[in-house]
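Numbering (the numbering used here), first residue to last: 3 to 650.
Structure, rendered in structure tokens:
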């Protein structure tokens, strides 16, 4: 919330020689943010942004208290001048009775006064208009002036127009209609806080806006000066539902301090007497069922210094807290404060008080250094969410789009016999009846629904569900993907899974002839089966892996391998071998023949012919042709014996 305050108005409560520029600078560093300072006739106006948790600063007195404290903390002489307000003499007349509901209103104050309606003095008009409030007449202006000075909204009724001996505070009934003082009609939702007269006529929408049937006019002779401290949630709900966002509603919904309501009453009476020839005509009514509970906060100097990072001056800190309205004391290395009522909702625990001390000290005065590292705690990457995000990030950079599909599928998309399905007792629709056992049909359905796209690369990480007898289904986190494009290659999908395993630190990734589908490959980590690659046709391939099994083998530990000092010898060997022979089995057999073989990859394949790219290397010396020749003979002999392969 932004408020505007004239410099002369502020300095009515702060005695200082500080310039507006200096005040704005130091307030912005340690308190509220001063958005700008503007020249206003021969004065200056501050435009301040006040955070929601500090309703005490939505007033001139609140800002003055902060200003005096901040200036003094920074070595500039300043003194906060508390408004001097005395309880006036009142006649022993009971002109109206109030019936309050403590579930709706925390405190209710009222007094009847005789006034003379007219124009407000220049100073009040100027201060109100500079703060963004239009001057109407001296009586209404006083209520706005008090709210901006003290920080508690106030209201005034034309007493004679109320035409009642009793004012009852109650909740509105749904459908009741009111006309506000700005000539607008509203149908109430029910639950709003309203005041009704003897005729059960609503005369006020409490905490938000007055009504036309009780508003002060030029003919008003007697007023009811009325202050109500309401339940903030009620005000917020009513204000938002009705769309009435007055300044009073905005302040009241912030849980404004009920103690300040009495100060607002006294200041209002004083101003009515000064600017409207006001005469008190009744006793002061003060109904206060929900008093603010006082509480204290205690924190050790050791903890303050540890969290802030520097040693604070206890005496200077106590002085600053005292200036802010706290009752302070220090004993046995601990600071104890009694929290003022206007900070009761804001300062509750040790950390709140430490934050207050650091704020007033000035965050800009704290050294800009990192705290020392006293111990190294190894980070464990055993959180499945970490690996999930890592895989998602990798797939994104490899051109995939993440899909989100329903965990529930239709009979047509369920893969397997229906007796193995987990059936939902209360499905969302007749189609979404079974919990899926695999992600692939859902992703293929996404591909089908996007048939106009020639190229699709999608993936999903989600649970699949296996039925268990007399128990909840087994949930297995699964990683699946689909690639659709012209002439998609099995090796492209295999390469993606290999690259992913490398990123996850998985070394023993093995591809074998598919155990589940005729065309594709089964994927293993060591001897553990983790999933399948399935070739559906020349344009469509899918894969599905058990994500939980996959990340069991994941690690970020890196093993240092020094660069080879001696160059490798590289050669290509081509073999004719049965088409059904697994390429991986051939590669594994080649690698077994010697420790000098450091890398083997498939270079080319055509019908029965397969060409392998082989690297020979020794870490400590150069290889000679005789050594390579011996290893080559072993390779040819082994492949001929086990796979009936012949050299081309």
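A virtual CB, placed ideally from N, CA and C, is assigned to each residue, including glycine.
Quick caveat, the model's predicted, so the values are computed rather than measured.
Check each candidate in the options and name the one with the smallest Cα separation from residue i.
{"i": "residue 299", "options": "359, 325, 272 and 618", "result": "359"}
{"i": "residue 353", "options": "28, 66 and 303", "result": "303"}
{"i": "residue 563", "options": "524, 603, 543 and 621", "result": "621"}
{"i": "residue 19", "options": "306, 565, 6 and 81", "result": "81"}
{"i": "residue 240", "options": "218, 210, 33 and 221", "result": "210"}
{"i": "residue 434", "options": "407, 456, 558 and 521", "result": "407"}
{"i": "residue 638", "options": "589, 619 and 188", "result": "589"}
{"i": "residue 309", "options": "369, 11 and 330", "result": "369"}
{"i": "residue 444", "options": "8, 274, 236 and 415", "result": "415"}
{"i": "residue 236", "options": "567, 566 and 105", "result": "105"}
{"i": "residue 650", "options": "610, 316 and 627", "result": "610"}
{"i": "residue 365", "options": "336, 314 and 52", "result": "314"}
{"i": "residue 193", "options": "175, 526 and 88", "result": "175"}
{"i": "residue 138", "options": "108, 177, 163 and 184", "result": "184"}
{"i": "residue 397", "options": "619, 436 and 482", "result": "482"}
{"i": "residue 447", "options": "486, 431 and 422", "result": "486"}
{"i": "residue 231", "options": "205, 199, 186 and 293", "result": "293"}
{"i": "residue 607", "options": "576, 12 and 45", "result": "576"}
Output yes or no for whether 9 Å exceeds the beta carbon distance between residue i and residue j.
{"i": "residue 598", "j": "residue 625", "result": "yes"}
{"i": "residue 57", "j": "residue 152", "result": "no"}
{"i": "residue 490", "j": "residue 442", "result": "no"}
{"i": "residue 215", "j": "residue 173", "result": "no"}
{"i": "residue 573", "j": "residue 630", "result": "yes"}
{"i": "residue 654", "j": "residue 506", "result": "Beyond the ends of the chain as shown, which are 3 and 650, falls residue 654; an answer cannot be given."}
{"i": "residue 33", "j": "residue 68", "result": "yes"}
{"i": "residue 62", "j": "residue 14", "result": "yes"}
{"i": "residue 98", "j": "residue 16", "result": "no"}
{"i": "residue 543", "j": "residue 528", "result": "no"}
{"i": "residue 100", "j": "residue 169", "result": "yes"}
{"i": "residue 395", "j": "residue 546", "result": "no"}
{"i": "residue 113", "j": "residue 287", "result": "yes"}
{"i": "residue 107", "j": "residue 140", "result": "no"}
{"i": "residue 135", "j": "residue 124", "result": "no"}
Can you round the beta-carbon distance between residue i and residue j to whole angstroms, since I take them to be within the 8 Å contact cut?
{"i": "residue 197", "j": "residue 225", "result": "That pair is no contact at about 15 Å."}
{"i": "residue 279", "j": "residue 117", "result": "7 Å"}
{"i": "residue 503", "j": "residue 578", "result": "Not confirmed; about 31 Å, so no contact."}
{"i": "residue 155", "j": "residue 250", "result": "4 Å"}
{"i": "residue 111", "j": "residue 282", "result": "Rounded, the Cβ-Cβ distance is 13 Å, inconsistent with contact."}
{"i": "residue 524", "j": "residue 517", "result": "5 Å"}
{"i": "residue 126", "j": "residue 277", "result": "7 Å"}
{"i": "residue 548", "j": "residue 480", "result": "6 Å"}
{"i": "residue 166", "j": "residue 158", "result": "Their Cβ separation, rounded to whole angstroms, is 16 Å, which puts residue 166 and residue 158 out of contact at 8 Å."}
{"i": "residue 270", "j": "residue 148", "result": "5 Å"}
{"i": "residue 72", "j": "residue 351", "result": "Wrong, their Cβ atoms sit about 24 Å apart, outside the cutoff."}
{"i": "residue 133", "j": "residue 7", "result": "6 Å"}
{"i": "residue 52", "j": "residue 5", "result": "6 Å"}
{"i": "residue 602", "j": "residue 614", "result": "6 Å"}
{"i": "residue 191", "j": "residue 179", "result": "About 12 Å separates the two Cβ atoms, so there is no contact after all."}
{"i": "residue 644", "j": "residue 591", "result": "6 Å"}
{"i": "residue 436", "j": "residue 411", "result": "6 Å"}
{"i": "residue 87", "j": "residue 272", "result": "7 Å"}
{"i": "residue 498", "j": "residue 550", "result": "About 20 Å separates the two Cβ atoms, so there is no contact after all."}
Following the continuous beta strand (DSSP E) through residue i, name the residue where it begins and the one where it ends.
{"i": "residue 227", "result": "224-232"}
{"i": "residue 700", "result": "One cannot answer for residue 700 here, as it falls past the ends of the chain, which runs 3 to 650."}
{"i": "residue 479", "result": "476-486"}
{"i": "residue 608", "result": "599-608"}
{"i": "residue 615", "result": "611-618"}
{"i": "residue 466", "result": "458-468"}
{"i": "residue 170", "result": "168-173"}
{"i": "residue 497", "result": "Run containing residue 497: none in the beta strand (DSSP E); it sits in the alpha helix (DSSP H), 492-505."}
{"i": "residue 115", "result": "107-116"}
{"i": "residue 584", "result": "From DSSP, residue 584 is part of no beta strand (DSSP E); its letter is neither H nor E."}
{"i": "residue 543", "result": "542-548"}
{"i": "residue 447", "result": "Per DSSP, residue 447 belongs to no beta strand (DSSP E); it is in the alpha helix (DSSP H), 442-451."}
Along the alpha helix (DSSP H) that carries residue i, what are the first and last residues, could you check?
{"i": "residue 421", "result": "Careful: residue 421 lies outside any alpha helix (DSSP H) and carries neither H nor E."}
{"i": "residue 149", "result": "140-152"}
{"i": "residue 40", "result": "Looking at the DSSP string, residue 40 is not in any alpha helix (DSSP H); the run it does join, the beta strand (DSSP E), is 35-42."}
{"i": "residue 272", "result": "262-277"}
{"i": "residue 318", "result": "316-325"}
{"i": "residue 53", "result": "Premise fails: residue 53 is in no alpha helix (DSSP H) and is neither H nor E."}
{"i": "residue 252", "result": "249-254"}
{"i": "residue 213", "result": "Where residue 213 is concerned, there is no enclosing alpha helix (DSSP H), given that its DSSP letter is neither H nor E."}
* Using 8 Å as the threshold, is the segment 259-274 in touch with the segment 339-350, meaning 3 or more CB pairs across them? -> yes
* Would the segment 397-406 and the segment 451-461 be scored as touching if the rule is three or more Cβ pairs under 8 Å? -> yes
* Asked: Looking at C-beta atoms only, is the number of pairs between the segment 448-459 and the segment 472-479 that lie closer than 8 Å three or more?
  -> no
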